[in-house]
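For what it's worth, this note's numbering labels the leading residue of the sequence shown as 54, then goes sequentially.
C-beta atoms are modelled at their ideal positions from N, C-alpha and C, and glycine is treated no differently.
Nothing here was measured: the structure is a model prediction, and the numbers come from that model.
Before any comments, here is the structure.
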Amino acid sequence: MANTKKDILTILGISIKPGESKEVNFDVANLHTSTPVNVPVIIERSKKPGPTVLFTAGIHGDEVNGVEIVRQIIAKGINKPKCGTTICIPVINVFGFINLKREFPDGRDLNRVFPGSSNGSLASRVAHKLIHEIIPHVDYIMDFHTGGSGRFNAPQIRIVEGERELNDLAKVFGAPFVLYSKHLNKSFRNTCAKLGKVMLLFEGGKSFHIDDLITNSGVNGVKRVLNHLDMLSSKFKVSVPKKDCILIKKSKWKRAKYSGMFKASATISSKVLKGDILGNITDPYGKFNYFVKADNSGYIINVNEAPIVYQGDALFHISTKLED
54 MANTKKDILT ILGISIKPGE SKEVNFDVAN LHTSTPVNVP VIIERSKKPG PTVLFTAGIH
114 GDEVNGVEIV RQIIAKGINK PKCGTTICIP VINVFGFINL KREFPDGRDL NRVFPGSSNG
174 SLASRVAHKL IHEIIPHVDY IMDFHTGGSG RFNAPQIRIV EGERELNDLA KVFGAPFVLY
234 SKHLNKSFRN TCAKLGKVML LFEGGKSFHI DDLITNSGVN GVKRVLNHLD MLSSKFKVSV
294 PKKDCILIKK SKWKRAKYSG MFKASATISS KVLKGDILGN ITDPYGKFNY FVKADNSGYI
354 INVNEAPIVY QGDALFHIST KLED
């Protein structure tokens, strides 16, 4: 583990002793107005040695529900560990968050430029600083995301298949679904995996939106994992998931056959059967009504909530194969 001894932890040029709490600044560049941008990194250390856990959100600036989950972890004091260290970065892409845009001002998706470069684009420099200044100090990472473009994700953990520790931690987290998905090239998750860091990627909700069910799922999952690592303060209660998580090996998107006005009737997280009506696409003139039907039986883990869709747009993400 990165910090199991009673030593001084130095992050971004600031030293934090065991038992100390500090807020350090993850700054990369000013705004175009020369206004400085402070990205707070909240660090809490116990006097008792233990693992170091990093909580991140806001890699995409429009995914505010992930930011809300990490905010609650801090506000409720869940991040004050019984042993070890926690590091919270609620908003990594603060430039996108200021404008409620997914990308950086240069149009780049931060989650496609890792591990970054110290002399590259703005997004690349942020990625480089995160990987070189923060990641070497941590053992576990929980990264919080939402669906994009009006698509609402069921609360789920995404991990690669075949990693026992990831599998065990995902089950401990207790989200309704665990989706096995391959690493994307140049993503934060892929880069951390290459560095030997254990990451749970949480997906839930949609961009520009905060949902209480999603937030609670994320916060409760964090408490379960911290409790599993013996880091959670005894003042917090740990809930037992209402149902065992469903492990999804394969899934596929149901796409729009026509353009038009769209209304989903199938609900998120529900189980559907092949041939079930999931929603309908209509035209504005009352002349056309097409019923969207399930191509296979499975669980709905994403629903497109946009009122207008075009031919080929993703409407529903449905499991096709579950782990036995």
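- Residue 94 is bridged by DSSP to 77.
- Comparing alpha carbon positions, the residue from 333, 305, 325 and 284 closest to residue 314 is 333.
- For residue 346, the beta-bridge partners assigned by DSSP are 330.
- For residue 302, the CB contacts under 6 Å within the same chain, skipping 5 residues up- and downstream, are 233, 374 and 376 in chain order.
- Contact annotation: the segment 278-286 does not touch the segment 329-349, with fewer than three C-beta pairs closer than 8 Å.
- Here the segment 249-268 makes contact with the segment 204-221; the two share three or more CB pairs at distances below 8 Å.
- Only buried fits residue 138, as 16 or more other CB atoms lie within 10 angstroms of its CB.
- By a beta-carbon distance limit of 8 Å, residue 96 contacts residue 75. Their separation comes to about 5 Å.
- Cβ contact annotation for residue 308 (same chain, cutoff 7 Å, sequence separation greater than five): 365, 366, 367 and 368, in chain order.
- Under the 10 Å beta carbon count, residue 65 is surrounded by fewer than 16 other beta carbons and is classified as exposed.
- DSSP places residue 189 in the helix class (H, G or I) of the three-state scheme.
- CA-CA distance, residue 163 to residue 194, rounds to 17 Å.
- Distance from the CA of residue 291 to the CA of residue 190, rounded to the nearest whole angstrom, comes to 27 Å.
- Collapsing the DSSP output to three states places residue 218 in a helix.
- Per DSSP, the unbroken alpha helix (DSSP H) holding residue 270 starts and ends at 265-281.
- Short of 7 Å from the beta carbon of residue 156, and not among the five residues preceding or following it, lie these beta carbons of its own chain, in chain order: 149 and 162.
- Under the criterion of beta carbons closer than 8 Å, residue 192 and residue 251 qualify as touching, at roughly 7 Å.
- Under DSSP, residue 233 takes part in a beta bridge, and its partners are 212.
- Sequence-distant partners of residue 89 (beyond 5 residues in either direction) whose C-beta falls short of 8 Å from its own C-beta, in its chain, are 80 and 83.
- The beta-carbon separation of residue 114 and residue 153, rounded to 6 Å, stays under the 8 Å limit for a contact.
- Under the DSSP definition of a beta bridge, residue 139 partners with 97 and 106.
- Shown here for residue 144: same chain residues with a beta carbon closer than 6 Å to its own, the five before and five after excluded, namely 111, 120 and 150 in chain order.
- By the Cβ-count criterion, residue 217 is exposed, with fewer than 16 other Cβ atoms from all chains shown falling within 10 Å of its own Cβ.
- For residue 118, the enclosing alpha helix (DSSP H) starts and ends at 117-128.
- About 6 Å separates the beta carbons of residue 117 and residue 263, which is inside the 8 Å limit, making them a contact pair.
- The Cβ atoms of residue 351 and residue 371 sit closer than 7 Å to each other.
- Straight across, the Cα-Cα distance linking residue 304 with residue 272 is about 26 Å.
- When the Cα atoms are used, residue 323 and residue 362 turn out to be separated by approximately 22 Å.
- Counting C-beta atoms within 10 angstroms of its own C-beta, residue 293 has fewer than 16 neighbours from the protein chains shown and is therefore classed as exposed.
- In the three-state scheme derived from DSSP, where H, G and I count as helix and E and B as strand, residue 304 is classed as strand.
- For the options 226, 247 and 179, the alpha carbon positioned closest to that of residue 159 is the one of 179.
- DSSP places residue 351 in the uninterrupted beta strand (DSSP E) bounded by 351-357.
- Counting along the chain, residue 310 sits inside no alpha helix (DSSP H), nor does DSSP assign it H or E at all.
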